[in-house]
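Residue numbers (my numbering): -9 to 469.
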């Protein structure tokens, strides 16, 4: 069989995302703060880009400063050398000798750091220190000790298996492990290091300023009954008046925390900066993009002239500048396109939701991404990216753009009502109910029907759960 080489000419079509399109899609789904960070980073790394923010009122720089003398070959080699070998000045470096202030941890430290600091302050032996570090390392963010994988064990069996597992990993006797664990369980926050909810609450109960034996007995033996609010049954088993059970439950709700580690090392709340403003001017609503803090980008005129005139730059330097110039142009165009797309989407939302802006939540119309996409002539995925992590300030308050998109249901009069409005009605009904006689899901559905909104009981249940409310049995106040 003979082999031979041939040349064939084929014409094919492939769908390829250009770098410009990839950048535009990336910028479109970024939040405003993320966009600012990305643009500022690009300004710092791309010499062709200039940020003209705040320079409008400044005097022009001297002519000598407009054309600096640059050794382009050395600059390119320096950039390449820095990127490949990580050389450069570390401005974050500091002399750490005798830096006592550097040992002060921030208030936002993790739970693990907080526990290790307490462990270190005890001055334990090296063996006990090793056991303690292993225990702390296996405490989750809620404050529970999680050494074993998924297990059905509980109570004494779980404690025994956990101690055995720690002993096998550390090579220490189980008795010594148990002693160190008891020490860790006395750390702040109280209740940390427990293996289950019962043990966690009991650790906190025995450390109350005034110990209550009824509370401790309820946690030890009747926690499930309290969770189901079977107060009378618990009182009968304990042989005490039901009022004492009520008082014990009040103490538990007020003083005990089922997740003692919650809140340590969590991300701090960030202020929401609106991307768009909707202001009412006369009878019209005016859409304005929030440009405050956004860098104003332009191409450096010096580098543009350098490419045009030739000058003293080498071919390698010109190639480097051309690449940076291309990246700068793509970024500027993509930012402008992003802002223009957001403006068009918000303008379309204003047209669809005009009654909501005029009259309130009751007039929020059902709206889906497809409706807006068809109206402004873009793909549905583009609208989805635009509405992700974007906020708009309106005369009705601050809303995420996705808030205006929801499915709807038909009212008894034939008109449509948005699901968000129904949820708001459910919320008001629950908040206004008698806590000792809460509304059932069936009663909620009946009250909604009286206001012209017909929903099934299971639909009312779904909306109640979406709002984070418990069932009527769990909401009932017995004291």
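Just so it is clear, CB atoms sit at the ideal spot from N, CA and C, and this is done for glycine as well.
As the structure is a prediction and not an experimental result, all values here were calculated from the model.
Just so you know, the alpha carbons of residue 332 and residue 172 end up roughly 57 Å apart. Going by DSSP, residue 289 is part of the beta strand (DSSP E) stretching over 287 to 289. If you draw a straight line from the Cα of residue 466 to the Cα of residue 425, it comes to about 6 Å. The beta carbon of residue 277 lies closer than 8 Å to those of 266, 267, 268, 333, 336, 337, 340 in the same chain, with the five residues before and after it left out.
Within the same chain, 320 come within 6 Å of residue 10 by CB-CB distance, once the 5 residues on both sides are set aside. C-alpha of residue 283 to C-alpha of residue 371: approximately 28 Å in a straight line. With distances taken between CA atoms, residue 393 lies nearest to 354 out of 364, 354, 109, 367. Burial state of residue -7 is exposed, judged by a 10 Å Cβ sphere holding fewer than 16 other Cβ atoms.
Put simply, of 234, 242, 199, 464 the residue whose alpha carbon is nearest the alpha carbon of residue 209 is 242. Using a Cβ distance threshold of 9 Å, residue 381 and residue 251 do not count as a contacting pair.
Secondary structure at residue 399: strand, using DSSP grouped into helix, strand and coil. 281 is the residue among 309, 281, 456 whose C-alpha sits nearest the C-alpha of residue 26. Assigned with DSSP and collapsed to three states, residue 357 falls in strand. By the Cβ criterion, the region 408 to 424 is not in contact with the region 360 to 376, since fewer than three pairs of Cβ atoms, one from each stretch, lie closer than 8 Å.
Between residue 120 and the set 454, 434, 166, the nearest pair of CA atoms involves 166. For residue 416, the three-state secondary structure derived from DSSP is helix.
Residue 150 is positioned such that its CB atom lies no closer than 9 Å to that of residue 138. DSSP, reduced to helix, strand and coil, places residue 40 within a strand of the structure shown.
Counted as a single uninterrupted DSSP element, the alpha helix (DSSP H) harbouring residue 215 occupies residues 213 to 217. Relative to the Cα of residue 316, the nearest Cα in the group 330, 290, 356, 218 belongs to 290. According to the DSSP secondary-structure assignment, residue 389 is paired through a beta bridge with 382.
The C-beta separation of residue 147 from residue 101 comes to about 27 Å, leaving the pair out of contact by the 8 Å criterion. If you ignore the 5 residues before and after residue 0, its C-beta comes within less than 6 Å of no other C-beta in its own chain. In this structure, 342 is the residue among 348, 349, 342 with its C-alpha nearest to the C-alpha of residue 359. In terms of Cβ geometry, residue 204 and residue 187 do not form a close pair [threshold 9 Å].
Secondary structure of residue 134 (DSSP, three-state): strand. In this structure, the CA atom of residue 33 is about 15 Å from the CA atom of residue 323. Residue 435 counts as buried, since no fewer than 16 other beta carbons sit within 10 angstroms of its beta carbon. As computed with DSSP, residue 274 is found in a beta bridge with 271.
Taking residue 216 as the centre and dropping the five residues before and after it, the same chain places the C-beta of 208, 224, 239 closer than 7 Å to its C-beta, in chain order. About 6 Å separates the CB atoms of residue 325 and residue 17; that is less than 8 Å, so the two are in contact. Beta-carbon to beta-carbon, residue 307 and residue 39 are separated by about 17 Å, too far to satisfy the 8 Å threshold.
The secondary-structure analysis by DSSP pairs residue 408 across a beta bridge with 398.
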